[in-house]
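In my numbering, the protein residues as written are 1 to 338. We put the beta carbon where it would ideally sit given N, CA and C, even for glycine. First comes the structure, then the notes that go with it.
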């Protein structure tokens, strides 16, 4: 917001100059807005006392400026070499004060938030979770079926759990700073969005490992049995298989926890398009912005370690699958799923 008015003397001073210093008060908002007066002091000399002098008052308006009407009061402090002017200013203080209403409207910023797309994502997430839960209960109901018994109920339940966990990543991805009324995301201090950024990593990575670990561990057990050179009875107890699953999950969690502690992802709101506005600091106001997750440190080492761990488990799992291909036509073989 800006306004311009003129200051003009009604009579010629007898000597020297007159200094007029405008002052502005915005009721209830002085601590929230930046007011600029140009010039800060109007100097009127005796020889040009009839000339009007322009004064411009501007209020910086940005995306954090409160909306609505504001009552403004402009007063003028007078100083002059002519004592008559000083006496006049003292006797007519009310005439040197003006009040008026201004409307402060912060610019609408396109945050590139597509709500219909969010709804679609939430729907797909719900479908994934419902399917996983359905198969979980189907497994419990049919746990005496030969195929289910061969695959083992607890490990099938883990696969369903992994599906639910990884699907929840969709919810974290769609979370943004929509409720950030204080503009904290501009400096990466909006905690709900920051938590969502790291939740994406936790949910996707752990969901992947929880789904993969049972297939990997059971395939490893079959490989141990098939690769026996003697014909003696040999078994691998279920607790050893479960220990392998737990080990893979713990390793994955330790990598992500280290990432979270040393270089956590934060949600930043970044302005990408501006328009000129002489009343705003820098002469520009944002009209378009994007939100993204990034770290103040270096996340690359953690991504590399995490990807190498996942690929290592996958590649070694495929190597094990090749060792038990003789079982590919039996209910015991889950290599094709791995």
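To the nearest angstrom, how far is it from the Cα of residue 198 to the Cα of residue 260?
Indexing the chain shown from 1 puts residue 198 at position 198. Indexing the chain shown from 1 puts residue 260 at position 260. Their Cα atoms are separated by approximately 7 Å.
Would you identify the three-state DSSP class for residue 323, choosing helix, strand or coil?
Here residue 323 refers to the residue found at position 323 when the chain shown is read from its first residue. Residue 323 falls in the helix class under three-state DSSP.
Look up residue 76 in the DSSP assignment and say whether it is helix, strand or coil.
On the chain shown, position 76 is the one that residue 76 refers to. Three-state result, residue 76: strand.
Helix, strand or coil for residue 49? Go by DSSP, reduced to three states.
As a position in the chain shown, residue 49 is number 49, starting the count at 1. In this structure, residue 49 counts as coil in the three-state DSSP scheme.
Quick one: what's got a C-beta closer than 8 Å to residue 30's C-beta in the same chain, skipping five residues either side?
What you label residue 30 is simply residue 30 of the chain shown in a count that begins at 1. With a pLDDT of 48 at residue 30, under the threshold of 50, the modelled position of that residue is not reliable, and the figure given next carries that caveat. For residue 30, where only same-chain residues beyond five positions count, there are no Cβ hits under 8 Å.
Pull up the distance between the alpha-carbon of residue 158 and that of residue 34, whole angstroms please.
Looking up residue 158 in the chain shown gives position 158. Looking up residue 34 in the chain shown gives position 34. Approximately 58 Å between the Cα atoms of the pair.
Buried or exposed, going by whether 16 or more other CB atoms sit within 10 Å of the CB of residue 162?
The count along the chain shown starts at 1 and reaches residue 162 at position 162. With 16 or more other Cβ atoms within 10 Å, it is buried.
So, is residue 177 buried or exposed, given that buried needs 16 or more other C-beta atoms within 10 angstroms?
Translated into the one-based positions of the chain shown, residue 177 becomes position 177. Classification of residue 177: buried, given that the 10 Å Cβ count is 16 or more.
Using only CA atoms, which one of 80, 47, 218 and 72 lies nearest to residue 21?
Position 21 of the chain shown holds residue 21. When only C-alpha atoms are compared, the closest one is 80.
Quick one: what's residue 3 bridged to in DSSP?
Locating residue 3 in the chain shown gives position 3, where the first residue counts as 1. 57.
Please go through the segment 281-305 and give each complete beta strand (DSSP E) segment of 3 or more residues, from N-terminal end onward.
284-295
Identify, in the order they occur along the chain, each residue of the same chain with its Cβ nearer than 6 Å to the Cβ of residue 156, setting aside the five sequence neighbours on each side.
Taking the first residue of the chain shown as position 1, residue 156 is located at position 156. So the qualifying residues of the chain are 139.
Using a threshold of 8 Å, state whether the C-beta atoms of residue 174 and residue 121 are closer than that.
Against the chain shown, residue 174 aligns to sequence position 174. Against the chain shown, residue 121 aligns to sequence position 121. Yes, these two residues count as a Cβ contact at 8 Å.
Could you please give the first and the last residue of the uninterrupted beta strand (DSSP E) stretch that includes residue 22?
Sequence index remark: in the chain shown, residue 22 carries index 22 (1-based). First-last of the beta strand (DSSP E) with residue 22: 17-26.
Based on the DSSP secondary-structure assignment, which residues constitute the bridge partners of residue 99?
Locating residue 99 in the chain shown gives position 99, counting from the first residue. DSSP lists 73 as partners of residue 99.
Have a look at residue 49 and residue 18 and give me their C-alpha separation to the nearest angstrom.
Indexing the chain shown from 1 puts residue 49 at position 49. Indexing the chain shown from 1 puts residue 18 at position 18. Cα-Cα distance, rounded: 9 Å.
Could you please give me the residues that DSSP links to residue 267 through a beta bridge?
Numbered from its first residue, the chain shown carries residue 267 at position 267. Its beta-bridge partners are 293.
Go to residue 128, then tell me how far its alpha helix (DSSP H) extends in each direction, as first and last residue.
For this step, residue 128 is matched to residue 128 along the chain shown. First-last of the alpha helix (DSSP H) with residue 128: 115-141.
How is the alpha helix (DSSP H) around residue 146 delimited, first residue to last?
As a working mapping, residue 146 is identified with position 146 in the chain shown. From DSSP, the alpha helix (DSSP H) with residue 146 extends over 146-151.
Closest by CA to residue 257, which one among 299, 181 and 273?
For this step, residue 257 is matched to residue 257 along the chain shown. Answer by Cα proximity: 299.
What three-state label does DSSP hand residue 199 in the structure shown?
Here residue 199 refers to the residue found at position 199 of the chain shown. Correct three-state label for residue 199: helix.
Less than 8 Å between the C-beta atoms of residue 52 and residue 6, yes or no?
Position 52 of the chain shown holds residue 52. Position 6 of the chain shown holds residue 6. The answer is yes: Cβ separation under 8 Å.
Is the CB-CB distance between residue 383 and residue 241 below 8 Å?
For residue 383 there is no data in the structure shown, the boundaries of the chain being 1 and 338.
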